[in-house]
Amino acid sequence: MNKDMKIIRTYKQILKSSRKEIFTLLCPVREKEWLQGWDYDMIISDSGYAEKGCVFKTNNPYGNYHWVITKHDFKNYELQFVKTIMEKLIVIIDISLKKVSENNTQCYIKYTFIALNEKFIDVLYKESSKEEFNKHMKKWERSLNYYLKHNKMLVE
Numbered sequence: 372m373n374k375d376m377k378i379i380r381t382y383k384q385i386l387k388s389s390r391k392e393i394f395t396l397l398c399p400v401r402e403k404e405w406l407q408g409w410d411y412d413m414i415i416s417d418s419g420y421a422e423k424g425c426v427f428k429t430n431n432p433y434g435n436y437h438w439v440i441t442k443h444d445f446k447n448y449e450l451q452f453v454k455t456i457m458e459k460l461i462v463i464i465d466i467s468l469k470k471v472s473e474n475n476t477q478c479y480i481k482y483t484f485i486a487l488n489e490k491f492i493d494v495l496y497k498e499s500s501k502e503e504f505n506k507h508m509k510k511w512e513r514s515l516n517y518y519l520k521h522n523k524m525l526v527e
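Quick note, the sequence shown lines up with residues 372 to 527 if you use the numbering used here.
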């Protein structure tokens, strides 16, 4: 594999609530409550919400993604999602919540972008540029904090 076919991006968010409350919102169903433009189709989930083995799909300008929740550790407040566009791209998303204070949580986010063929490298670099990635992470942080404070979605 060519080194240029893999990009890793990381980000730290400060979220204004407990790890427990935040963790429950990191779910394809619950995300619709707080992230403008988020939509999904559930394929399989025993509980109807986020859980290990949950499979769902989303659509965005880069294509239809299929997602699998590969880790859902409520005890340690850790999640892992793997999303893919078949034969083009895999994205591994690791999320870990660390308590800063009673109502402040640091959210560590790591995205690993992997192009599955050389034809998709340009899209990989477009979607995962530092500028685009940071823009997405800031919107996510802003939207989630707004929801945590006002119990409604931030509309921008």
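Where is the CB? At the ideal position from N, CA and C, for every residue including glycine.
Just the C-alpha distance for residue i and residue j, rounded to the nearest angstrom, thanks.
i: residue 474; j: residue 513; result: 16 Å
i: residue 449; j: residue 521; result: 25 Å
i: residue 426; j: residue 385; result: 28 Å
i: residue 416; j: residue 525; result: 27 Å
i: residue 435; j: residue 429; result: 6 Å
i: residue 466; j: residue 418; result: 21 Å
i: residue 469; j: residue 476; result: 6 Å
i: residue 508; j: residue 405; result: 14 Å
i: residue 401; j: residue 495; result: 27 Å
i: residue 403; j: residue 376; result: 31 Å
Run through the DSSP bridge pairs and tell me what residue i is partnered with.
i: residue 508; result: In the DSSP output, where bridge partners are listed per residue, residue 508 has none listed.
i: residue 481; result: 381 and 465
i: residue 438; result: 427 and 454
i: residue 386; result: 476
i: residue 460; result: 456 and 486
If you run the structure through DSSP and keep just helix, strand and coil, what is residue i?
i: residue 411; result: coil
i: residue 420; result: coil
i: residue 473; result: coil
i: residue 445; result: coil
i: residue 523; result: coil
i: residue 490; result: helix
i: residue 396; result: helix
i: residue 515; result: helix
i: residue 495; result: helix
For residue i, does the count of other Cβ atoms within 10 angstroms reach 16, so buried, or fall short, so exposed?
i: residue 527; result: exposed
i: residue 500; result: exposed
i: residue 388; result: buried
i: residue 393; result: buried
i: residue 462; result: buried
i: residue 372; result: Residue placement at residue 372 cannot be trusted, given a pLDDT of 48 that sits under 50; the coordinates are not used to answer.
i: residue 445; result: exposed
i: residue 498; result: buried
Quiz item: Pairing CB atoms from the region 484-494 with CB atoms from the region 457-468, are three or more of them under 8 Å?
Solution: Yes, the region 484-494 is in contact with the region 457-468.
Quiz item: Does the region 406-425 come close enough to the region 437-449 to have 3 or more Cβ pairs within less than 8 Å?
Solution: These segments touch.
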